[in-house]
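Chains as they are written, first to last, in the numbering used here: chain A, 2 to 400; chain B, 32 to 292.
To start, the structure under review is shown below, and the notes come after it.
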């Protein structure tokens, strides 16, 4: 994108690394202290971040994603200037406002109003400026007469309302936000989101750390996936979030039981399964909206037709759809003394692009017990910004 | 540091207010507690030394022992409490240090400033109370008294910056300071005049900048002794040098506060 290349660089990180000392003995603490005083690395350390290089340009919001403990928050702290990187250089151009925690610096004994002055002072605002913007803050927080009561009597929701309201009055070039989007009740969240959208459309740049891929896709043009302190993937946010989700889903799938065991024990079992004519083990890739044809053979020890379940699950095991022959009152064709054939077609598959698993199960005819499981990968390709797992039929109506 | 301080003056004032609110909020008679402890100490010393030990020394001239001790006790309390409270100014504000970017010096400065403010007001009130009960002070020497207080403040800031920074890494600092200040309290001529110290030990007093400052304040208020001006000027230089060194140490360590608190 040529236009973005010419946009002003706001944040430039190159080779950023961050180590924490792990020594917790008395001598360890002293040697750590001396290492700091002489600007030397710690002897025993844990590397929270390694070699992070990225840049954020004006208007090009960046979302940081990754598992818990991957180092996202550490990176935000470094950019916010709260923590100092152990290695590498960091260049910031422009005014940063960091919402690492809403209401950090609030004082429980102070009234809401007094806390507003304290918090804005922490953000570098003069008293007159705060006085000038006070009505704006009060109307955003919208907590009524509670504003003149001590903060300790506030509900946690009121504290974050006040915290966010204070944060909205500074108009920074870069807004750093660590999971603070999902605060307060539904109506306040809407208020925050609409403020954020307004901020972004007026040229603001957001640096967001979130577990909600929805927020990252919606608000950020780019995403950086941090994995064990390293930059795993960095680029266009839709692509990176999808890659992260696929990895995440695959990692959280429950252990499948062995197919070999079912075959060996001579119970109801699936002998083979294929997708669109290819063996299930090879998986299948198709474009969204294409037909999916699943067929195979099932083994029955007593010659009665077994029940077969075919299902589609997300990589993390969340079921999307499953159906059994018995539900549809379908009886399998007998092709051998103990062998039955099954085939099912899903015309124009409405599953959104992503990676899934197709599961086949063999059960006894009464559908009491599940004996076997065969799985295969399904990759659905395509460009879609729709949310969820599948497309529901819909049409927009004229009002 | 001064260049960074000015844009943050509102933050500094807010933090000082917060410090004071913190200490006495929820108490019924906040201000009385601030004044009460030194007054109680003063009464104890007066009772023990005057009534029981019947201590008397020529250096008092026509002043009371109570007035003599009061002149030095409040500045000392300000210094001791200023440093001791500030020791926790970083470790006691984990939320701020970890989540908000701002000059950490302000936490130390506001803590020391709050203590000095409280004890300076206490000092003024006690002088006034003693005046009402017959004591006589020389208010003509007020500029010298204020100058000495300022140097004391600067010294307190210097020590506080160092101990607050080290406290983040070594929790022993805080335990060390208690006994250390107790020894210093008795090694400093507060309950006795410096001239009563026998010659072999006199150097302890001479080398102690706090003793010199307290002596100057007392001399000015009780005896209109303004001969300390040059000495005070030199002490101010020394205090400034220590403060700069201490601030350099603080700065070096402050980047890592968020990692260690």
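Cβ atoms here follow ideal geometry from the backbone N, Cα and C, with glycine treated the same way.
My understanding is that residue i touches residue j, with C-beta atoms under 8 Å, so please give their C-beta distance in whole angstroms.
i: residue 86 (chain A); j: residue 97 (chain A); result: Between residue 97 (chain A) and residue 86 (chain A) the Cβ distance is about 15 Å, and since that is not below 8 Å, they are no contact.
i: residue 117 (chain A); j: residue 131 (chain A); result: 7 Å
i: residue 183 (chain B); j: residue 109 (chain B); result: 7 Å
i: residue 220 (chain A); j: residue 175 (chain A); result: Between residue 175 (chain A) and residue 220 (chain A) the Cβ distance is about 14 Å, and since that is not below 8 Å, they are no contact.
i: residue 43 (chain B); j: residue 137 (chain B); result: 5 Å
i: residue 214 (chain A); j: residue 163 (chain A); result: Actually they do not touch by this definition, with Cβ atoms about 29 Å apart.
i: residue 18 (chain A); j: residue 95 (chain A); result: 24 Å between Cβ atoms; not a contact.
i: residue 342 (chain A); j: residue 329 (chain A); result: Incorrect: roughly 16 Å between the Cβ atoms, too far for contact.
i: residue 58 (chain A); j: residue 8 (chain A); result: 4 Å
i: residue 142 (chain A); j: residue 120 (chain A); result: Actually they are not in contact, since the Cβ atoms of residue 142 (chain A) and residue 120 (chain A) sit about 11 Å apart, beyond 8 Å.
i: residue 132 (chain B); j: residue 99 (chain A); result: 6 Å
i: residue 204 (chain A); j: residue 64 (chain A); result: Not really, about 18 Å apart at Cβ, beyond 8 Å.
i: residue 219 (chain B); j: residue 107 (chain B); result: 7 Å
i: residue 192 (chain B); j: residue 84 (chain B); result: Actually they are not in contact, since the Cβ atoms of residue 192 (chain B) and residue 84 (chain B) sit about 39 Å apart, beyond 8 Å.
Could you say which of the options lies nearest to residue i if we only look at CA atoms?
i: residue 211 (chain A); options: A:225, A:204, A:202 and A:294; result: A:225
i: residue 98 (chain B); options: B:118, B:250 and B:67; result: B:250
i: residue 156 (chain A); options: A:167, A:166 and A:144; result: A:144
i: residue 15 (chain A); options: A:23, A:91, A:21 and A:40; result: A:91
i: residue 242 (chain A); options: A:232, A:336, A:217 and A:108; result: A:217
i: residue 71 (chain A); options: A:55, A:49, A:82 and A:53; result: A:49
i: residue 337 (chain A); options: A:303, A:60, A:17 and A:21; result: A:303
i: residue 74 (chain A); options: A:52, A:169, A:341 and A:177; result: A:177
i: residue 108 (chain A); options: B:47, B:260 and B:65; result: B:47
i: residue 327 (chain A); options: A:158, A:13 and A:363; result: A:363
i: residue 68 (chain B); options: B:150, B:286, B:244 and B:192; result: B:150
i: residue 280 (chain A); options: A:289, A:298, A:288 and A:265; result: A:298
i: residue 47 (chain A); options: A:21, A:82 and A:227; result: A:21
i: residue 1 (chain A); options: A:291, A:376, A:273 and A:383; result: No answer is possible for residue 1 (chain A): it lies beyond the span of chain A, which begins at 2 and ends at 400.
i: residue 241 (chain B); options: B:279, B:215 and B:81; result: B:215
i: residue 266 (chain B); options: B:244, B:211 and B:218; result: B:244
i: residue 170 (chain B); options: B:254, B:59, B:56 and B:273; result: B:254
i: residue 288 (chain A); options: A:353, A:265 and A:231; result: A:353
i: residue 114 (chain A); options: A:9, A:320 and A:139; result: A:139
i: residue 316 (chain A); options: A:396, A:381, A:52 and A:232; result: A:381
i: residue 53 (chain B); options: B:105, B:90, B:95 and B:146; result: B:146
i: residue 190 (chain A); options: A:351, A:179, A:25 and A:161; result: A:161
i: residue 31 (chain A); options: B:141, B:229, B:90 and B:200; result: B:200
i: residue 101 (chain A); options: A:110, A:84, A:112 and A:111; result: A:84
i: residue 290 (chain B); options: A:12, A:28, A:33 and A:10; result: A:33
i: residue 350 (chain A); options: A:366, A:234, A:286 and A:399; result: A:286
i: residue 376 (chain A); options: A:344, A:283, A:301 and A:293; result: A:283
i: residue 181 (chain B); options: B:61, B:271, B:231 and B:239; result: B:271
Considering only heavy atoms of the ligand ZN, does any lie closer than 7 Å to the CB of residue i?
i: residue 143 (chain A); result: With respect to small molecules bound, the structure shown includes none, and the ligand ZN cannot be examined in it.
- Query: Would the stretch 76 to 86 of chain B and the stretch 184 to 195 of chain B be scored as touching if the rule is three or more Cβ pairs under 8 Å?
  - Reply: no
- Query: With contact counted as at least three CB pairs below 8 Å, one residue from each stretch, are the stretch 361 to 378 of chain A and the stretch 265 to 280 of chain A in contact?
  - Reply: yes
- Query: Does the stretch 307 to 327 of chain A touch the stretch 344 to 358 of chain A, meaning 3 or more C-beta pairs lie closer than 8 Å?
  - Reply: yes
- Message: Could you check whether the stretch 151 to 169 of chain B touches the stretch 114 to 123 of chain B, counting it as contact only if at least three pairs of C-beta atoms, one from each stretch, sit closer than 8 Å?
- Response: no
- Item | Inter-stretch contact (C-beta, 8 Å, three-pair minimum) for the stretch 238 to 255 of chain B and the stretch 206 to 225 of chain B | yes
- Task: Could you name the residues of the stretch 71 to 96 of chain A whose beta carbon sits closer than 7 Å to any beta carbon of chain B, in the order they occur along the chain?
- Result: 78, 81, 82, 83, 84 and 85
- Message: Quick check for students: name the residue ranges of the beta strand (DSSP E) that lie wholly in the stretch 319 to 347 of chain A, counting only runs of 3 or more.
- Response: 320 to 325 and 340 to 347
- Task: Evaluate contact between the stretch 88 to 102 of chain B and the stretch 224 to 243 of chain B, counting only Cβ atoms and requiring at least three cross-stretch pairs below 8 Å.
- Result: yes
- Which residue spans inside the stretch 177 to 253 of chain B form an unbroken alpha helix (DSSP H) run of at least 4? 203 to 218 and 233 to 237
- Interface positions of the stretch 367 to 399 of chain A facing chain B (Cβ-Cβ less than 7 Å), listed along the chain: none
- Can you list the beta strand (DSSP E) stretches of 3 or more residues lying completely in the stretch 85 to 121 of chain A, in chain order? 88 to 93 and 97 to 100
- Taking only runs that begin and end inside the stretch 141 to 192 of chain A, name each unbroken beta strand (DSSP E) of 3 or more residues, in chain order. 175 to 179
- Task: Quick one: which residues of the stretch 130 to 144 of chain B get their C-beta closer than 9 Å to a C-beta of chain A? List them in chain order.
- Result: 130, 131, 132 and 133
- Mind listing which residues of the stretch 111 to 127 of chain B have their C-beta closer than 7 Å to chain A's C-betas, in chain order? 126 and 127
- Query: Quick check: the stretch 189 to 205 of chain B against the stretch 158 to 165 of chain B, are there 3 or more CB pairs under 8 Å?
  - Reply: no
- Item | Under 9 Å (Cβ pairs) to chain A, residues found in the stretch 38 to 62 of chain B | 38, 39, 40, 41, 42, 43, 44, 45, 46, 48, 49, 52, 53, 56 and 57
- Task: Name, going along the chain, the residues of the stretch 23 to 38 of chain A whose beta-carbon falls closer than 9 Å to a beta-carbon of chain B.
- Result: 27, 30, 31, 33, 34, 37 and 38
- Query: In chain order, what residues of the stretch 195 to 214 of chain B put their CB closer than 8 Å to some CB of chain A?
  - Reply: 197, 200 and 201
- Message: Could you tell me which whole alpha helix (DSSP H) segments of length 4 or greater appear in the stretch 282 to 316 of chain A?
- Response: none
- With 9 Å as the limit, tell me which residues of the stretch 269 to 283 of chain B have their beta carbon closer than that to any beta carbon of chain A; keep them in chain order. 280 and 283
- Item | Entirely enclosed alpha helix (DSSP H) segments - the stretch 112 to 176 of chain B, minimum 4 residues | 125 to 130 and 136 to 163
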